[in-house]
Amino acid sequence: MKKTITALCISLAISTASFASTFTATSDVTQALENGNVEVAAQHFSTLPKAQQTNLEGAILQARIWLGERKAEQAYDSLEELLEKHPDHDELHYRFGLASVAMAQQASIFSKLGYAKEGRKAWERVVKRNPQHIEALEALIGFYRIAPGIAGGDVDEALVLAKKLKSIDAEKGFFHLATVYQKMENTELTEQTLAEGIEQFPQSHQLYFFRGLTQVEAQDWGLARTYFSAAVKHGQKDTEKQQALYQLGKVAAESGEHLTMGIESLLQLTEIDAPMYKQWVPFRLAQLYVMDGQISKANALLKQVDTSNDERLKDEVKALKKEIKKVAS
5 MKKTITALCI SLAISTASFA STFTATSDVT QALENGNVEV AAQHFSTLPK
55 AQQTNLEGAI LQARIWLGER KAEQAYDSLE ELLEKHPDHD ELHYRFGLAS
105 VAMAQQASIF SKLGYAKEGR KAWERVVKRN PQHIEALEAL IGFYRIAPGI
155 AGGDVDEALV LAKKLKSIDA EKGFFHLATV YQKMENTELT EQTLAEGIEQ
205 FPQSHQLYFF RGLTQVEAQD WGLARTYFSA AVKHGQKDTE KQQALYQLGK
255 VAAESGEHLT MGIESLLQLT EIDAPMYKQW VPFRLAQLYV MDGQISKANA
305 LLKQVDTSND ERLKDEVKAL KKEIKKVAS
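In our numbering, each residue's number is its place in the sequence shown (first place is 1) plus 4.
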């Protein structure tokens, strides 16, 4: 009997350790995705046992990785297939909505509308079934705010949902209300909402960051720097800090002021290899070095910039190279 109990205990210990290891690995994938580091997420995912990769949770993680890698079609097809097996799974519908909108962004003009409507309907379904699904609410507010009317965009509906979100999650609600008021071109309510939000949530990266963007639009560079600096300070995730650091560099480049602060902010991004700004960071740094008279550093950085997938960046690099030639002549 003792041998049997001992064997069971050993078996249970092994099983528990295996479960804990798998759970940790899955958590690592999720954490990397939340931090915006898709490459690390993919690496962690590859270490999961095959069974863990192919179960429902693993399949959703794989779809999220594909979306992060801009493989929208693979994510879309995978999630569509999963929904056939799990038609009442809210998380699947939410992720399918994201994949549909990603497909709309890269589809031909004849297919864009269909994909966009699919995304909207997926999120509407989730919110109808679960009115407190915050991520779906946020996605739907963004869709209604940005999308054209022909695809189902409706800024008034966005306002209704933003107010509803504020009753569920006040911090996120303040943010989305401000974005809707900005879309309505109501500057007074936008600023009032952000001020009230920051007063209630003085450590909110999201609110500081968006208020910084509103100051960029107003070309109030001093206030923009203040709010982006606060966003860096209060950012909890890597992506949050990276976004604010990049904006500090961009503000320096666009204003021609506080160049050292801008350079230091962008250098931090080069040290941590921020994936979301892989090409833009060296370009912005080059801009600042040109302004600071460090032409050799600027030229070296421009050689690192890959513009093959970004027409706007290609134009910006071309213009900066012309400026360097003028300075050198």
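Note that CB positions come from ideal geometry on N, CA and C, so glycine has one too.
Runs of the beta strand (DSSP E) lying entirely within the segment 173 to 258 and spanning at least 3 residues: none are present.
Taken through DSSP and simplified to helix, strand or coil, Lys307 comes out as coil. By the Cβ-count criterion, Ala79 is buried, with 16 or more other Cβ atoms from all chains shown falling within 10 Å of its own Cβ. If you draw a straight line from the Cα of Ser269 to the Cα of Gln219, it is about 19 Å long. Contact annotation: Ala76 and Ala120 have beta-carbon atoms that are not nearer than 8 Å. With 16 or more other CB atoms across the displayed protein chains lying within 10 angstroms of its CB, Ala166 is buried. Secondary structure of Ala76 (DSSP, three-state): helix. The three-state reading of DSSP puts Leu37 in helix, counting H, G and I together. By the Cβ-count criterion, His137 is buried, with 16 or more other Cβ atoms from all chains shown falling within 10 Å of its own Cβ.
Shown here, Ile113 sits in coil according to DSSP, grouped into three states, outside any helix or strand. In terms of CA proximity to Thr230, Ala248 leads the group Glu244, Ala248 and Tyr148. Secondary structure at Gln291: helix, using DSSP grouped into helix, strand and coil. The C-beta distance from Phe287 to Val255 rounds to 15 Å, too long to meet the 8 Å contact threshold.
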